[in-house]
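Q: Under our numbering, the first residue of the sequence shown is numbered 8, with each subsequent residue one higher.
Note that the Cβ used here is the ideal one computed from N, Cα and C, for glycine as well.
Take a look at the following structure, please.
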Amino acid sequence: MTAIPQRQRQRMLVALCCGIAAALMLPAGLVIGYNAVLNSQSGTNVNDVRTLEIASTPVALLATVNASNEITTINVIALSGGSLGGTIISVPVKASAEVLDGEAPRRISDLFRADDPAAFVADVEGLLDVSFSAVGILGRVELIKLLNPIGPVEILLDTDVRNTQADGTTKTVAKTGSTTINMATLVDILLAREIDQSESARFNHHKSVLTAVGNAVGLGLKLDDPQTSAFDEPLDIATFALRLFSGPIQVWQFAATAVPQGDANPNALDMYSVDSSEVTMIMASVAPTSITGSGESGALAVQIDSPFNNAVLSREIVRRLAAMGFDIALVREVPGPPQEVTQIRYVDAGVLSSLEDLASFVGDIETAPTRERAQGVDLQIILGSSFAVFVTANPDLPATTVVPSN
Numbered sequence: 008m009t010a011i012p013q014r015q016r017q018r019m020l021v022a023l024c025c026g027i028a029a030a031l032m033l034p035a036g037l038v039i040g041y042n043a044v045l046n047s048q049s050g051t052n053v054n055d056v057r058t059l060e061i062a063s064t065p066v067a068l069l070a071t072v073n074a075s076n077e078i079t080t081i082n083v084i085a086l087s088g089g090s091l092g093g094t095i096i097s098v099p100v101k102a103s104a105e106v107l108d109g110e111a112p113r114r115i116s117d118l119f120r121a122d123d124p125a126a127f128v129a130d131v132e133g134l135l136d137v138s139f140s141a142v143g144i145l146g147r148v149e150l151i152k153l154l155n156p157i158g159p160v161e162i163l164l165d166t167d168v169r170n171t172q173a174d175g176t177t178k179t180v181a182k183t184g185s186t187t188i189n190m191a192t193l194v195d196i197l198l199a200r201e202i203d204q205s206e207s208a209r210f211n212h213h214k215s216v217l218t219a220v221g222n223a224v225g226l227g228l229k230l231d232d233p234q235t236s237a238f239d240e241p242l243d244i245a246t247f248a249l250r251l252f253s254g255p256i257q258v259w260q261f262a263a264t265a266v267p268q269g270d271a272n273p274n275a276l277d278m279y280s281v282d283s284s285e286v287t288m289i290m291a292s293v294a295p296t297s298i299t300g301s302g303e304s305g306a307l308a309v310q311i312d313s314p315f316n317n318a319v320l321s322r323e324i325v326r327r328l329a330a331m332g333f334d335i336a337l338v339r340e341v342p343g344p345p346q347e348v349t350q351i352r353y354v355d356a357g358v359l360s361s362l363e364d365l366a367s368f369v370g371d372i373e374t375a376p377t378r379e380r381a382q383g384v385d386l387q388i389i390l391g392s393s394f395a396v397f398v399t400a401n402p403d404l405p406a407t408t409v410v411p412s413n
């Protein structure tokens, strides 16, 4: 995550409170990473090292804004590398933003201005450490038009959705349970905002909408648009959506923890902290070519290959490597079963000096040279059964660790 010490310390404290239990509550439907994300047709350099290209995974910001010019949802669209479809990620509207020393704490939606959304967009990029290729901040009419190709959807809501009208009255937009709704009602759920309603009360409504969209799209809509390509990078939100709807969609929602009143939230705002390890894990999985990294000078870039179908272990290896100062460049799930010991593969033996303390973070390791690596990656780490055993017995980071910011 972006290296801002104050925010890093605050988010790490919250993450430690959540621990692995938070990761266990994540949606189970996401396949972390791509087995085909690396392009094996790349060339070989003069040292006979083959560099594999990471397929382009552009991301877009899709936010919704109501009639009162309030941001009501923040979503990230990450397109699949080299194919149609992708992932929609729901980000808490009132997540705490990365702030500089001396800046007052704020939420990522606090700086939104309809006539100049640049500060808002920068706060979302800073929170996720990504660079957006396109941005869409849409009101009701524009959003209905964008989603209209999907048609009616079946949605399951765990609570009623209500909205406070301009005259102060409250209207029920959709009721608890399973029902089929049209695009206008679906959009109204995204825009709904009840006065004094906590953001946490709206989380599941957003997830329900995204899940309904993914289910309706299925393996992809037959939109038959000649401009839709699996290889051209879209530059506007409409083209992003077209390519997304043309293939299978995965859905993720970042876990969020309320920030109590204190130094990180002096005004007792309705503010939430996201888990930096989860954010890094997901973005390095679904959008590796769009992540910007920590910005730490000299940080080694790491590729993580996990043969475990387990988000908890993937998050935990990310947490431990980030604590050592590594940049997480790529996270993939690979075919199992896992080998016995975690393997570290390297091209340049000079990086081995950075691994002196690694065993105290991840357990037993074996190092081996390789003549193949992904572009921009210094180390490839293939998790073994030893890692799962080690983190179970050693849930805390080494006591001498100075954890970089969240």
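(1) Check whether the stretch 70-90 and the stretch 154-163 touch, using three or more Cβ-Cβ pairs below 8 Å as the test.
(2) Buried or exposed: Leu33, going by 16 or more other Cβ atoms within 10 Å of its Cβ?
(3) At what residues does the alpha helix (DSSP H) containing Thr183 begin and finish?
(4) Just the C-alpha distance for Tyr41 and Ile311, rounded to the nearest angstrom, thanks.
(5) Indicate the three-state DSSP secondary structure (helix, strand or coil) for Pro124 in the structure shown.
(6) Can you look up Ile196 in the DSSP assignment and give me helix, strand or coil?
(7) Within the same chain, show all residues whose beta-carbon is closer than 6 Å to that of Ala375, passing over the 5 residues directly before and after it, in chain order.
(8) Candidates Pro112, Leu154, Pro342, Arg169: which alpha carbon is nearest Leu390's?
(9) In angstroms with no decimal places, state the Cα-to-Cα distance between Ile115 and Val56.
(10) Excluding five sequence neighbours on each side, which residues of the same chain lie with their C-beta closer than 7 Å to the C-beta of Glu240?
(11) Does Ser393 pass the burial test, meaning 16 or more other C-beta atoms within 10 Å, or should it be called exposed?
(12) Between Ile372, Lys152, Met331, which has its C-alpha nearest Leu303's C-alpha?
(13) CA-CA distance, Ala104 and Ala129?
(14) On the DSSP letters alone, give me the boundaries of the alpha helix (DSSP H) that Val398 sits inside.
(15) So does the stretch 362-369 actually touch the stretch 312-322, counting three or more Cβ pairs closer than 8 Å?
(16) Helix, strand or coil: which one does DSSP assign to Ser138?
(17) Can you tell me whether Gln257 is buried or exposed? The criterion is at least 16 other CB atoms within 10 Å of its CB, across all chains shown.
(18) What's the C-alpha gap between Asp174 and Ile202?
(19) How many Å lie between Pro405 and Gly370 at the Cα?
(20) When burial is assigned at 16 or more other CB atoms within 10 Å of the CB, is Gln260 buried or exposed?
(21) Please report the distance separating the alpha-carbon of Arg250 from that of Ala121.
(22) Just how far apart, CA to CA, sit Asp195 and Arg147?
(23) Using three-state DSSP, classify Leu404 as helix, strand or coil.
(24) Can you name, in chain order, every residue of its own chain whose Cβ lies under 8 Å from the Cβ of Val358, other than the five neighbours on each side?
(25) What residues are listed by DSSP as bridge partners for Ile372?
(26) Could you name the residues of the same chain whose beta carbon sits closer than 7 Å to that of Arg200, not counting the 5 residues immediately before and after it, in chain order?
A: According to the structure shown:
(1) For the pair of segments examined, the stretch 70-90 was found not to touch the stretch 154-163: the number of CB pairs separated by less than 8 Å stays below three.
(2) Here residue 33 is taken as the residue at index 26 of the sequence shown, counted from 1. Bear in mind that a pLDDT of 36 at Leu33, under 50, signals an unreliable position, so the number given afterwards is only what the model happens to contain. Buried.
(3) Stepping through the sequence shown from its first residue, residue 183 is reached at position 176. Where Thr183 is concerned, there is no enclosing alpha helix (DSSP H), because DSSP gives it neither an H nor an E.
(4) Along the sequence shown, one-based indexing puts residue 41 at 34. Along the sequence shown, one-based indexing puts residue 311 at 304. In this predicted model, Tyr41 has a pLDDT of only 46, less than 50, meaning its place in the structure is not dependable enough to derive any value.
(5) Within the sequence shown, residue 124 is the residue found at index 117, counting from 1. DSSP, reduced to helix, strand and coil, places Pro124 outside both helices and strands of the structure shown, so it counts as coil.
(6) Within the sequence shown, numbered from 1, the residue matching residue 196 stands at position 189. Residue state, collapsed to three classes: helix.
(7) In the sequence shown, counting from the first residue as 1, residue 375 sits at position 368. Counting only residues of its own chain and dropping the five nearest sequence neighbours on each side, Ala375 has a CB closer than 6 Å to the CB of Arg352.
(8) Your numbering for residue 390 matches position 383 in the sequence shown. Considering only alpha carbons, the answer is Pro342.
(9) Counting from one through the sequence shown, the residue named residue 115 turns up at place 108. Counting from one through the sequence shown, the residue named residue 56 turns up at place 49. Our two residues, Ile115 and Val56, have alpha carbons roughly 42 Å apart in a direct line.
(10) For the purposes of this step, residue 240 is taken as the residue at position 233 of the sequence shown. Setting aside the 5 residues that flank it on each side, Glu240 is surrounded in the same chain by Ser63, Pro65, Ser140, each with a C-beta closer than 7 Å to its C-beta; the list follows chain order.
(11) Taking the sequence shown and counting its residues from 1, the one referred to as residue 393 is at position 386. The residue in question, Ser393, is buried, as its Cβ has 16 or more Cβ neighbours within 10 Å.
(12) Counting from 1 along the sequence shown, the entry for residue 303 is found at position 296. Per the sequence shown, the amino acid found at residue 303 is Glu instead of Leu. It is Met331.
(13) For this step, residue 104 is matched to residue 97 along the sequence shown. For this step, residue 129 is matched to residue 122 along the sequence shown. Computed Cα separation, rounded: 10 Å.
(14) Residue 398 sits at position 391 when you count from the first residue of the sequence shown. 392-400 is the span of the alpha helix (DSSP H), which, as asked, contains Val398.
(15) Cβ pair count under 8 Å is below three, so no.
(16) The residue labelled residue 138 in the question sits at position 131 within the sequence shown. Reduced to three states, the DSSP call for Ser138 is coil.
(17) The residue given as residue 257 occupies position 250 in the sequence shown. Residue burial is scored here from C-beta neighbours: Gln257 has at least 16 other C-beta atoms within 10 angstroms and is therefore classed as buried.
(18) As a working mapping, residue 174 is identified with position 167 in the sequence shown. As a working mapping, residue 202 is identified with position 195 in the sequence shown. Rounded to the nearest angstrom, the two C-alpha atoms are 12 Å apart.
(19) The residue labelled residue 405 in the question sits at position 398 within the sequence shown. The residue labelled residue 370 in the question sits at position 363 within the sequence shown. Rounded to whole angstroms, Pro405 and Gly370 show a C-alpha spacing of 12 Å.
(20) In the sequence shown, counting from the first residue as 1, residue 260 sits at position 253. Counting the other CB atoms within 10 Å of its CB gives Gln260 a total of 16 or more, which places it among the buried residues.
(21) Sequence index remark: in the sequence shown, residue 250 carries index 243 (1-based). Sequence index remark: in the sequence shown, residue 121 carries index 114 (1-based). Approximately 27 Å between the Cα atoms of the pair.
(22) In the sequence shown, the residue the question calls residue 195 occupies position 188. In the sequence shown, the residue the question calls residue 147 occupies position 140. Here the alpha carbons of Arg147 and Asp195 stand approximately 7 Å from one another.
(23) Along the sequence shown, read from residue 1 onward, the residue named residue 404 stands at position 397. Here Leu404 sits in coil by DSSP.
(24) By one-based count along the sequence shown, residue 358 stands at place 351. So the list reads Leu307, Asp385, Leu386, once near-sequence residues are dropped.
(25) Residue mapping note: residue 372 aligns to position 365 of the sequence shown, counting from 1. BP columns for Ile372 point to Thr349.
(26) Here the question's residue 200 lines up with position 193 in the sequence shown. Once the five neighbours on either side are set aside, the close Cβ partners of Arg200 are Asn73, Glu77, Thr79, Asn170, Thr171.
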